[in-house]
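Note that the UniProt record's numbering has the sequence shown beginning at 1, numbered continuously upward. Idealized CB from N, CA, C, for every residue including glycine. Since this is a predicted model, take the numbers as computed values, not measurements.
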Amino acid sequence: MVLDGDAPTKDVQKRHTYRIIRTGSFFEKSKVTLNKWLYAIYLWSQESKVNTVVKQVDIGEKTVIQMYQYLRDVCSTKLLNTPIELGGPGVVVQIDESLFNHKSKYNRRGRPKKELWVFGLADTSFKPAITYMELVEKRDAATLLPIIEKAVKPGTIIYSDQWKAYCNIQTELKLQHATVNHSVNFVDPETGVHTLRLNISSK
């Protein structure tokens, strides 16, 4: 509509832009259809076996294995780049370390098993407890205390055994610290301190 005294104006055409969902995503170079990808991701999130995906989604076994590996890599990268935040004011985080003896399936007779130390932390405010575990080469304070500092929030209460590496948790990390003597009890009969929520099984 043009009013008296107004100059006529040109119609402005609306411009619509479209973007293919594959563009710029990890779907872009895949020959698998988007529908099959989404179905496979759902089954993977349900911890379905590879052969289940092969049958239900109608994808080759080799392709499914590659998809599973890619999804694991994506999640691993996200976890490694996301700050760990366990505990908080008044929350108990249990810590412990355990030795795993790894033996190769085709281990030659007489070859020693590879020893792997795993250090774990469990936030007991969740049921089941949320845990964080990390492979460590040493169990000394220089190795374990920085992991604790990285993983727990200020004000957290730490429960541990009486391993010497934990002696300075209270002074160096400014965290409350209570211990249980595992050579005597798994649960301290007086304080109730234990690390049973951290279920690390040695193999």
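For residue 125, no alpha helix (DSSP H) run applies, since DSSP gives it neither H nor E.
The alpha-carbon of residue 170 is positioned some 20 Å away from that of residue 182.
Only exposed fits residue 85, as fewer than 16 other CB atoms lie within 10 angstroms of its CB. Separation of residue 65 and residue 157 (C-alpha to C-alpha, rounded to the nearest whole angstrom) is 42 Å. Taking all protein chains shown into account, residue 97 has 16 or more neighbouring C-beta atoms within 10 Å of its C-beta and is therefore buried. Under the three-pair Cβ rule at 8 Å, the segment 124-134 counts as touching the segment 89-96. Excluding residues up to 5 positions away in sequence, 155 lie with their Cβ nearer than 7 Å to the Cβ of residue 89 in the same chain.
For the 7 Å CB-CB criterion, residue 99 and residue 119 do not form a contact.
Apart from sequence neighbours up to five positions away, the residues of its chain that approach residue 132 with a beta-carbon distance below 6 Å are 84, 121, 151, ordered along the chain. The alpha helix (DSSP H) runs lying completely inside the UniProt domain "ISXO2-like transposase" (85-199) and spanning 4 residues or more are 141-151, 169-173, given in chain order. Our two residues, residue 67 and residue 74, have alpha carbons roughly 11 Å apart in a direct line. Across the structure, residue 76 and residue 62 are spaced so that their CA atoms are roughly 21 Å apart. Taking 7 Å as the cut-off, the beta carbon of residue 40 is found closer than this to the beta carbon of residue 57. For the 7 Å CB-CB criterion, residue 159 and residue 195 form a contact. Burial is judged here by how many other beta carbons sit within 10 angstroms of a residue's own beta carbon; residue 72 has fewer than 16 and is exposed.
Distance from the CA atom of residue 114 to the CA atom of residue 46, rounded to whole angstroms, is 32 Å.
Our two residues, residue 177 and residue 187, have alpha carbons roughly 15 Å apart in a direct line.
Between the alpha carbons of residue 117 and residue 80 lies a gap of roughly 19 Å. Rounded to whole angstroms, the Cβ separation of residue 134 and residue 147 is 6 Å, and the two are in contact under 8 Å. Ranked by how close their Cα comes to the Cα of residue 44, the residues 69, 25, 34 have 69 in first place.
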